[in-house]
Each structure stands twice: as structure tokens, then as C-alpha cells.
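S.K.: Before I ask anything, here is the structure I am working with.
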Amino acid sequence: MTTTMTIAELEQAGERDLGAGSWVEVEQRNIELFAEATGDHQWIHVDREAAVGGPFGTTVAHGYLALAMLPALLHELLSVTDARIGINYGVEKVRYLVS
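Next up, the structure:
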């Protein structure tokens with residue numbers, strides 16, 4: 008379900024819960040295309056055979072692929088009625104930890 012509000016309402020929304028959107032299946036082809044676009048061909052993402060022996064037993068999507076999907080996912084949850092355009096100008100405090 009999409010929440011509809013104005014810019015003024017959004018500014019006052021604080022930490023309002025927008026709910027959850029639909030599940031999105033990230034297929035291996037999406038991961039491979041992202042690897043091509045970014046040059047990040049680390050085996051855990053693109054080498055199915057090597058990934059079987061890795062910590063997850065299969066390939067995993069890039070963290071930045073998940074981050075890059077956020078604008079499309081947000082579109083399903085929020086509509087700002089009086090906005091002429093939405094611009095993604097970055098994020099703060101996004102960290103991917105290595106263990």
C-alpha cells in the first residue's frame with residue numbers, strides 16, 4: 008500500500024512507519040549486470056561454484072546493489088503529491104562491515 012502525503016506532511020512525519028512493500032527477487036542476472044556496471048567481480052557475487060564453498064553456500068548480492076534498489080522500492084511505499092521531482096542526493100551513515 009502506498010502512503011500519500013504532501014511535502015509539508017513528509018517534513019513532519021518523523022520516523023513514521025511506511026509499512027512493507029512487495030518482495031523483490033534479485034536474480035543472479037541482476038547481480039552479474041551490477042558487477043559489470045561497477046567492475047566489482049568479487050567471487051562471492053559472481054562465481055557460483057566458488058560461492059558454494061563460501062559462508063552463505065551461494066552467491067550474494069552486492070551491498071551497493073541493495074542500496075541502489077532503494078529508490079524503486081520506496082516508490083511503492085510513498086507518493087508525495089506536490090513534489091515535482093524526486094532527487095536522490097546521497098545517504099549518510101551507511102556502513103558495510105567486514106568480518
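Just so you know, we're using my numbering here: the sequence shown kicks off at 8 and counts up by one. Each residue gets a CB set at the ideal place from its N, CA and C atoms; glycine is no exception. Since we're looking at a predicted model, the values are computed, not measured.
1. Alpha carbon to alpha carbon, how far is A20 from D89?
2. Alpha carbon to alpha carbon, how far is M12 from R91? Give it in angstroms, no decimals.
3. How do the region 17 to 32 and the region 93 to 106 stand: do at least 3 beta-carbon pairs fall below 8 Å, yes or no?
4. To test your reading of the DSSP string, which unbroken beta strand (DSSP E) runs of 3 or more residues are found completely within the region 9 to 70?
5. Answer with buried or exposed for F63, where buried requires no fewer than 16 other C-beta atoms within 10 angstroms of its C-beta.
6. Are the CB atoms of I38 and T10 within a distance shorter than 8 Å?
7. Can you tell me the Cα-Cα spacing of A58 and H52, whole angstroms?
8. Sort L72, G61, E22 by Cα distance to G46 and report the nearest one.
M.R.: Walking through what the data contain:
1. For the purposes of this step, residue 20 is taken as residue 13 along the sequence shown, with counting starting at 1. For the purposes of this step, residue 89 is taken as residue 82 along the sequence shown, with counting starting at 1. Looking at the two C-alpha atoms, the distance is approximately 15 Å.
2. To locate residue 91, count along the sequence shown from 1; it is residue 84. To locate residue 12, count along the sequence shown from 1; it is residue 5. Approximately 13 Å, taken between the alpha carbons.
3. no
4. 10 to 12
5. The count along the sequence shown starts at 1 and reaches residue 63 at position 56. With fewer than 16 other Cβ atoms within 10 Å, it is exposed.
6. By one-based count along the sequence shown, residue 10 stands at place 3. By one-based count along the sequence shown, residue 38 stands at place 31. Contact: no.
7. Stepping through the sequence shown from its first residue, residue 58 is reached at position 51. Stepping through the sequence shown from its first residue, residue 52 is reached at position 45. So the alpha carbons of these two residues sit roughly 8 Å apart.
8. The residue given as residue 46 occupies position 39 in the sequence shown. Of L72, G61, E22, the residue nearest in Cα terms is L72.
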